[in-house]
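Notes to accompany the following structure.
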Amino acid sequence: MLDVRSCASLSEAAGIISGDRQALLIAGGTLVMREVNEGRLTEGTLLRVTDPAFRQVNASGGRVEIGAGVTMAMVLANRDLSYLHAPARGIGGPAIRTMATIGGNLFAETPYGDFTVALLALGAEVVVQAGYGSGRAVPLEDFLAGRERGGQGLVTAVQFARPQNPSEFLFRKISRVKPKGISVLSIAAHLPTSGGRLVQPRVAYGAMAPVPMRARGVERALDGKPLDTAAIQAAKQAALEGTRPATDAIASDWYRREILPVHLGRLLAGEPR
Amino acid sequence: MLEMRKDLFADERDDNLNVVGKGVQRQDAPGHVTARTRFFDDHAFDGLLHLKVVRSPHHHARIRAIDVSAAERAPGVKRVLRGADVPVNKNTLLSLINFGKDDEPTLAVDKARYKGEPIVAIIADSEAEALAARKLVRIDYEPLNPVFDVEEALKPGAPVVNETYPGNYFEYHQRFDHQKLRFGDVERAFAQADHVVEHRYQMSPIEHAPTETNGTIAAPEHNDRYVVHSCAQGLFFSLGTTAKIVDLESNRLHFIGGTVGGGFGGKVDSLSEPLAVLGAMLTGRPVRYVLDREEEMLYGSPRGAERIYVKDGVMRDGRIVARYIRSYFDAGAYTRLSSYAAIKCTAHVPGPYSIPNVASDIYVAYTNRCPSTAMRGFGVTAVDFALEVQMDRLAEAVNMDPMEFRILNAYRDGDMKAHRRVAKNTALVECVQVAAEKANWPISEQARRASSLTEGGGERAQIPATPLDQRGQIGRPESRNGPATQTLPAGTTRIALSKQPVFEGARDSRPTPVQVPRYEPSPRQEAPRYDPAVAPPLPAYQPAASPPPAAPPPTAPAQPQHGAVRFSSVFGTRRR
Amino acid sequence: MAKLPVQFRLNGSDRAGFVDPAGNLLDLLRRGLGDFAPKYGCGQGTCGVCTVLIDGEPQLSCLTLAISCEGRQIETASGMADGPNLHPLQQAFMDNFAAQCGFCTPGMLTAARALLAKNPNPTRDEVVEAISGNICRCTGYEPIIAAILAAAAGGAGMRRA
Amino acid sequence: MARHEGRGMASVNYPIGMNLGGDPSQALIHSNPDGKFTVALSAIDLGQGMKQVSRQIAAETLGVPIEDVYVDTADSDTGPHDMGSFASRGTHRMGNAVIAAAREARGVLLDAAAEELEVNASDLVTDGRGNIHVRGAPSKTITVKATAQAAQFKQGKTIAGRGIFLIPLSAVDAETGEMNPNTAFAHACLVADVSVDDETGEVTVLRMTSAYELGRVINPRMVEQQLVGGAWMGISHALYETPEPYYPNPEHGPRDFNEYLMPGPGDIAPYHVTVLERPAPDGPFGGKGPGEMCANPVLPAIANAVYNAVGVRVDELPITPEKILRGIRANGGVKPGPRRGGAVNWR
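Here the protein sequences line up with chains A, B, C and D, keeping their order.
In terms of our numbering, the first sequence is numbered consecutively and its last residue is 539.
In terms of our numbering, the second sequence is numbered consecutively and its last residue is 587.
In terms of our numbering, the third sequence is numbered consecutively and its last residue is 165.
In terms of our numbering, the fourth sequence is numbered consecutively and its last residue is 640.
Rendered as structure tokens:
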């Protein structure tokens with residue numbers, strides 16, 4: 267049967283996770299409790315973390331750190347994180363958002379995990395604590411690449427550089443059901459400009475690969491260009507590079523590929539979906 | 012949002028009623044908004060046990076061995092049930108009205124015929140313990156080839172899904188692999204039509220998705236009975252089904268229900284009642300069996316898919332002169348209610364239109380998917396989709412406005428329908444007119460003047476001469492393309508009119524405020540048989556031409572029957 | 005596995021129960037404490053019929069560890085009426101015929117109550133967003149949206165929510 | 294990018310009750326000594342309003358106020374047999390059974406009142422407000438309550454009634470399909486206005502306009518519930534729902550309400566319904582039953598509207614954005630049909 271342990275500190279939880287393969291962190295419960303309720307998770311230990319650091323947001327400075335236990339509702343309530351409100355609002359309905367955490371979203375399987383897509387476009391790093399030591403920052407892309415292997419340790423926080431201009435951060439989730447539906451796909455883009463030209467833009471997709479992915483081709487197509495019709499056209503041309511979308515209950519891989527450039531183009535051009 | 016048009020048909024109504032017709036509050040509304048309404052699961056029992064089932068992971072597989080020993084030893088487990096523990100482990104839902112052969116086990120024994128089929132049930136102190144023990148059941152499967160497409164399933168050599176129906180089709184009248192409708196001569200009419208339009212339509216399966224999943228709590232009651240809190244859409248239907256499967260007299264079951272969290276047809280099948288009652292019988296304790304959402308979504312039986320081919324002959328002036336429909340109900344692995352839907356579909360053909368030549372062949376095909384069942388609009392929703400998209404195509408083919416095309420072909424009072432009964436109380440024309448008006452969709456003066464009360468009957472009330480055929484005989488797929496064998500003369504009917512309820516005051520088409528039916532005997536023949544021991548009489552009509560090539564099967568001997576009524580001539584063979 | 009005790013306030017009264025360590029709040033409320041207002045609809049967090057307020061926030065009781073509710077304030081639809089007097093949202097649901105089978109109603113009312121507590125004068129879009137996690141299979145949502153807007157217009161959020 | 298508007302329609306009828314008959318319903322009604330009535334059924338209310346429909350029909354037939362009637366359903370020990378809540382049979386079949394039971398109970402009630410008033414029962418009328426009086430002489434009156442008390446404590450009469458309704462079972466001819474199917478049919482016509490995005494294939498239902506003929510409307514608010522909720526389900530069936538998205542391939546079945554697609558509260562289309570009433574000769578007060586058919590015309594009307602908008606026929610439900618997009622590609626672009634009519638004429 268399942269046991270539950272409460273951990274007053276993050277390092278205590280990290281220590282247990284490192285030593286017990288059957289130990290699993292439960293934060294908001296939106297992923298783990300479903301596994302329990304449906305009988306897929308019947309053995310092991312669930313770890314609850316009561317450490318206040320787990321639910322801390324530090325968003326006022328140039329480097330933003332959000333505790334892994336911070337919920338979507340807490341993001342929405344934080345004015346310093348206004349650029350993340352669209353992806354946070356894209357997660358579930360209001361009741362899910364009071365429960366679902368930033369850390370949990372990093373583990374959500376496709377087509378879920380839209381908040382992670384936003385973090386990817388922000389160039390976020392994941393703070394992972396293995397054992398009782400201190401945490402180390404892992405690039406989110408690397409973290410996602412290793413996610414299925416597991417055993418990376420305890421995710422305690424995410425960090426990223428605050429966007430200079432929040433209006434240069436774009437997010438769009440395409441779902442069949444309004445206002446709450448899971449993704450056909452999602453797109454996040456951080457498009458810093460200097461002198462009217464894009465500088466090292468970062469674009470990420472959800473539901474276009476087994477885990478959220480960077481759109482390198484689009485980034486290359488946009489880098490150093492003004493965001494004009496020609497650049498958007500070039501971005502659309504490069505949109506599918508590296509994508510490996512799944513066929514699932516929501517859409518086929520064919521359909522996801524067909525509409526990705528359309529929605530990317532509309533997002534970049536500031537058009538409605 | 013809702014507007015009443017009291018001017019139409021006003022002379023057929025007395026609107027001077029007290030509470031009928033008034034939008035008064037629902038009796039159940041206060042309970043709903045205060046959350047005091049009690050659904051089946053909202054009952055507390057001391058010592059409640061929880062039942063979960065082990066389901067087949069294969070679409071089609073032989074079950075070589077089942078090992079439940081580890082599950083039986085697991086913490087909290089009180090009892091593990093297998094097929095052998097079910098007293099009557101073969102049933103068909105409509106056996107209560109003697110329609111169809113028993114073909115579905117409560118727990119599969121030798122073979123799993125769809126992914127998700129229940130094989131073992133575990134009863135434990137808690138849901139968590141039942142779920143944990145479920146993982147310990149070991150079943151040795153030999154996967155078999157599945158078939159998923161209805162037309163593939165009907166081909167010779169297809170994997171046999173359900174051995175009760177070895178051709179993968181429901182057997183109608185002990186004679187045919189489908190239900191026929193024949194009215195007039197469609198082939199001749201197609202040959203004479205200005206346009207012939209034929210298309211294929213596919214209705215997807217649909218899940219009922221009620222917010223309350225299927226479930227039951229059954230508990231031993233005083234007086235050596237069992238109380239059953241049920242989500243059933245038909246309380247006595249479920250009681251009867253359960254009594255048969257657990258082999259109890261019906262008065263030892265006390266069913267309580269009536270307040271159900273949505274059904275839409277998905278709670279007709281008694282998916283949970285028999286196992287919950289059996290669990291209560293074998294443990295002596297209250298047993299709760301509730302489908303979880305994933306089970307409800309994938310294994311809670313959907314509206315079945317239907318594939319429908321529609322072929323129409325239409326004249327340049329817009330009159331439809333012939334319609335032929337070939338349709339396949341995807342029953343999944345077992346019959347449940349699909350056999351009945353095909354009959355209902357047959358009665359619905361050709362839709363609300365007067366067409367002088369109509370034929371249809373409706374098949375119920377078995378495939379290796381979750382058995383389908385009734386859903387809102389059962390037997391009609393899909394064919395309406397096909398017919399009304401087809402109507403749009405026909406209107407385009409003859410260059411007519413779609414509204415006016417409907418009005419031109421709409422059935423009117425007095426028209427003969429394809430199942431050889433006269434249409435009464437029709438109102439399609441008026442619905443089209445009002446919808447056109449409200450949508451501001453202009454239609455011609457002539458269409459606006461049309462009425463359901465006029466232009467019907469007369470020639471349109473005649474039953475045409477009708478070629479008959481013996482196509483699609485059971486076990487003889489090669490007979491699906493045979494010629495007509497005889498022609499039924501114009502005006503022929505063979506089925507006695509049922510005695511119809513008659514209402515006082517209805518004769519002058521102005522019903523009295525309170526109508527209570529009484530019965531008048533049928534003008535031509537006494538009411539159909541009610542005695543289950545009596546075999547159906549021969550049809551009143553004897554063909555003048557030579558008898559059909561296949562000899563009619565012998566009259567079934569009287570058998571002990573579970574149900575009270577022999578259900579029409581549709582099913583006549585002995586029940587197993 | 006030994007059961008664990010948990011205490012909290014439920015609709016204004018102190019309540020206590022024993023739960024499996026990994027047991028969820030929904031089971032405790034229903035089977036342990038006899039409050040049948042929150043319903044089981046999915047156990048997955050996808051239907052909203054088990055919605056309750058925990059310290060005023062809408063949460064899904066099927067995904068909430070019961071033991072995490074120690075010392076907290078939990079409110080369900082059972083506690084909405086003030087004795088025999090209906091909450092304005094309950095009255096608006098009646099007036100607008102917003103319940104058919106009634107199974108989603110407690111969760112809908114709770115979601116609406118959470119909305120009006122924070123936003124007494126919501127727009128239609130805000131109402132739509134507030135109930136977006138709650139499935140209704142009967143009504144087509146329109147009467148529910150109308151009821152919540154009517155309750156808000158009548159001051160439900162201001163008076164008591 | 295372009296969005297194209299289109300308009301389509303469909304008209305349907307629908308059979309009320311189990312198609313071949315043979316589906317009886319029973320009702321029992323009795324009064325307590327205060328003239329308050331209980332209707333005992335085993336019918337199921339799954340949201341459609343069985344309890345309230347039965348209550349209104351019983352009150353109307355008994356001639357008493359609706360508050361004096363409660364419906365108890367369903368307990369197999371107290372409610373007599375009913376086939377069930379399916380096949381749009383509840384209002385029609387059970388409604389008739391309730392009328393029969395209520396008529397019998399009313400007969401006893403009026404007999405008891407006649408004895409108290411010393412008049413002929415055939416001269417008595419009810420006012421629907423709890424009184425019984427002599428026709429044409431309202432002053433000669435007795436309350437239902439006083440009558441029930443007299444029946445119970447003085448006259449030794451049970452004010453009660455039994456009712457059953459059955460359309461007898463029909464046979465079906467094997468060779469012609471001849472049968473005696475339903476005796477009552479409801480009718481409808483629906484117009485759908487849609488907009489189709491030609492780059493994504495997404496359909497937005499802009500509005501729907503319909504006319505339904507349902508026989509006598511027992512309760513217009515409840516009819517509205519059925520028709521509005523049913524139209525939502527029709528949109529859902531047309532554009533969203535299926536447990537087998539790649540039928541007949543059985544893979545990728547949805548496991549929850551996230552994967553099983555249905556329109557959300559943000560996808561609702563404005564909807565106007567006009568209701569016509571042509572009473573069914575055998576219906577309770579002429580009532581038919583709106584429960585099942587209300588989704589049916591929506592599916593083809595939307596399919597036809599999509600064709601009108603972009604020239605794509607999707608003959609396989611649901612009409613997903615993918616199927617529309619593939620259709621546009623196959624056609625070499627959008628091919629809009631003729632515009633049909635103008636702005637809607639809703640009141």
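Positions of the beta carbon are idealized from the N, C-alpha and C atoms, including for glycine.
For D:Ala394 and D:Gly523, the gap between their C-alpha atoms comes out near 31 Å.
For the 7 Å CB-CB criterion, B:Leu246 and D:Ala464 do not form a contact. Boundaries of the beta strand (DSSP E) around B:Asp372: Val369 to Tyr377.
Neighbours of A:Glu304 in chain B, taken as residues at a C-beta separation under 7 Å, are given in chain order as Asp303 and Glu305.
Out of A:Ile516, A:Leu420 and A:Glu309, the CA that lies nearest to the CA of A:Val392 is found in A:Leu420. Contact annotation for C:Leu90 against chain B: Pro41, Val44 and Thr45 [CB-CB distance below 9 Å, chain order].
When secondary structure is reduced to three states using DSSP, D:Ser432 falls in the strand class. Apart from sequence neighbours up to five positions away, the residues of its chain that approach B:Pro154 with a beta-carbon distance below 6 Å are His69 and Ala72, ordered along the chain. Secondary structure note for B:Gln203: its alpha helix (DSSP H) is the uninterrupted segment Val197 to Gln203.
The C-beta of B:Lys122 has 16 or more other C-beta atoms within 10 Å across all chains shown, which makes the residue buried. The secondary-structure analysis by DSSP pairs B:Lys191 across a beta bridge with B:Asp372.
Three or more pairs of CB atoms, one per stretch, sit closer than 8 Å, so the region 329 to 346 of chain D contacts the region 313 to 321 of chain D. Across the set B:Met12, B:Asp53, B:Thr175 and B:Pro170, the C-alpha of B:Thr175 shows the shortest separation from the C-alpha of B:Tyr345. Look at the region 519 to 535 of chain D: the residues with a C-beta under 7 Å from a C-beta of chain C are Val521, Gly522, Ala524 and Trp525. As computed with DSSP, D:His426 is found in a beta bridge with D:Val418 and D:Thr434.
In this structure, B:Val120 keeps its C-beta atom at 7 Å or more from the C-beta atom of B:Val65. Partner residues in the beta bridge of B:Val298, as assigned by DSSP, are B:Leu60 and B:Ala229. In chain order, Gln473, Ile474, Pro475 and Ala476 place their CB closer than 7 Å to the CB of B:Ala501, counting only its own chain and leaving out the 5 sequence neighbours on each side.
Between the C-alpha atoms of D:Pro572 and B:Lys166 there is a straight-line separation of about 47 Å. For B:His359, the enclosing alpha helix (DSSP H) covers residues Ser349 to His359. Using beta-carbon distances, A:Pro445 counts as an interface residue toward chain C, with a partner under 7 Å. Under DSSP, B:Lys101 forms no beta bridge with any residue. Taken in chain order, the members of the region 253 to 285 of chain B whose beta-carbon sits within less than 9 Å of a beta-carbon on chain C are Thr270, Val271, Gly272, Gly273, Gly274 and Phe275.
For D:Ala485, the enclosing beta strand (DSSP E) stretches over residues Phe478 to Asp490.
The three-state secondary structure of A:Tyr521, taken from DSSP, is helix. With 16 or more neighbouring CB atoms inside 10 Å of its own CB, D:Thr384 falls in the buried class. At a cut-off of 7 Å between beta carbons, B:Gln244 contacts chain D.
Of the residues C:Ala103, C:Lys43 and C:Arg76, the one whose Cα lies closest to the Cα of B:Asp303 is C:Lys43. Interface annotation, A:Thr311: not in contact with chain B, CB-CB separation never under 7 Å. By the Cβ neighbour-count rule, B:His233 is exposed, with fewer than 16 other Cβ atoms within 10 Å of its own.
Note on A:Pro511: 16 or more other CB atoms within 10 angstroms of its CB, so buried under the neighbour-count rule. A direct Cα-to-Cα measurement between B:Asp395 and B:Ala342 gives close to 19 Å. B:Gln38 counts as buried, since at least 16 other C-beta atoms from the protein chains shown sit within 10 angstroms of its C-beta. Using a Cβ distance threshold of 7 Å, A:Asp269 and A:Thr311 count as a contacting pair. Under the three-state reduction of DSSP output, A:Gln418 falls in the coil class, being neither helix nor strand.
Per DSSP, D:Thr535 lies in no alpha helix (DSSP H) segment and is marked neither H nor E.
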